[in-house]
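Engineer: Dropping the structure in here first, questions after.
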Amino acid sequence: MTLDATLGGLFLSGLISSTLLPGGSEALFGWMLNEGEHAVLPMFLAVTIGNTLGGIITFLMGVLVAKRYPLRALEKPEHLRAQRWIEKYGPFTLLLSWLPVVGDPLCFIAGWLRGHFWLAALMIMLGKAARYLALVLLIS
443 MTLDATLGGL FLSGLISSTL LPGGSEALFG WMLNEGEHAV LPMFLAVTIG
493 NTLGGIITFL MGVLVAKRYP LRALEKPEHL RAQRWIEKYG PFTLLLSWLP
543 VVGDPLCFIA GWLRGHFWLA ALMIMLGKAA RYLALVLLIS
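Rendered as structure tokens:
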């Protein structure tokens, strides 16, 4: 496997696992870190950029749904929890977008509530990067 394929795979893994689809970018990234065959920084950047882009896509999905259903109440418990957090703490809640179960709904609800795009993107990126940095520090 070439480094380009490795980085592309990490990017796609990060992207897919940060949308409303299930994924396991942490496991792949952790395994690759443990193998030690590739430079850490390019892998960190690939998985972080992919995961951030996935969170932004989920945010934009929320924006699109808000155009069709602007007043519809949220029904899933994790969506209601995410909505309360965002309404209480604002875009800083998106620093937690890496969390399992509630992370993706946080991004979606922030878009649905018409949060500030650039601030949301920054908070998503910082949260995602912190998670992968923690993995680097734990495994390397």
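Under the numbering used here, the very last position in the sequence shown is 582; numbers go up by exactly one each time.
Backbone N, C-alpha and C fix where the C-beta goes; we use that ideal spot for every residue, glycine too.
1) Could you tell me the boundaries of the alpha helix (DSSP H) in which Ala481 lies?
2) Okay, do the segment 538 to 553 and the segment 470 to 487 touch, 3+ Cβ pairs below 8 Å being the bar?
3) Using the three-state DSSP reduction, which class does Lys509 fall into: helix, strand or coil?
4) Are the segment 557 to 564 and the segment 527 to 545 in contact at 8 Å, needing three or more beta carbon pairs?
5) Is it the case that the Cβ atoms of Gly472 and Ile581 are separated by a distance below 7 Å?
6) Please report the Cβ distance between Leu452 and Met485, rounded to the nearest whole angstrom; I am assuming they are in contact, meaning their Cβ atoms lie under 8 Å.
Structural biologist: Taking the geometry as given:
1) That residue, Ala481, is in no alpha helix (DSSP H); it is neither H nor E in DSSP.
2) no
3) helix
4) yes
5) yes
6) 6 Å
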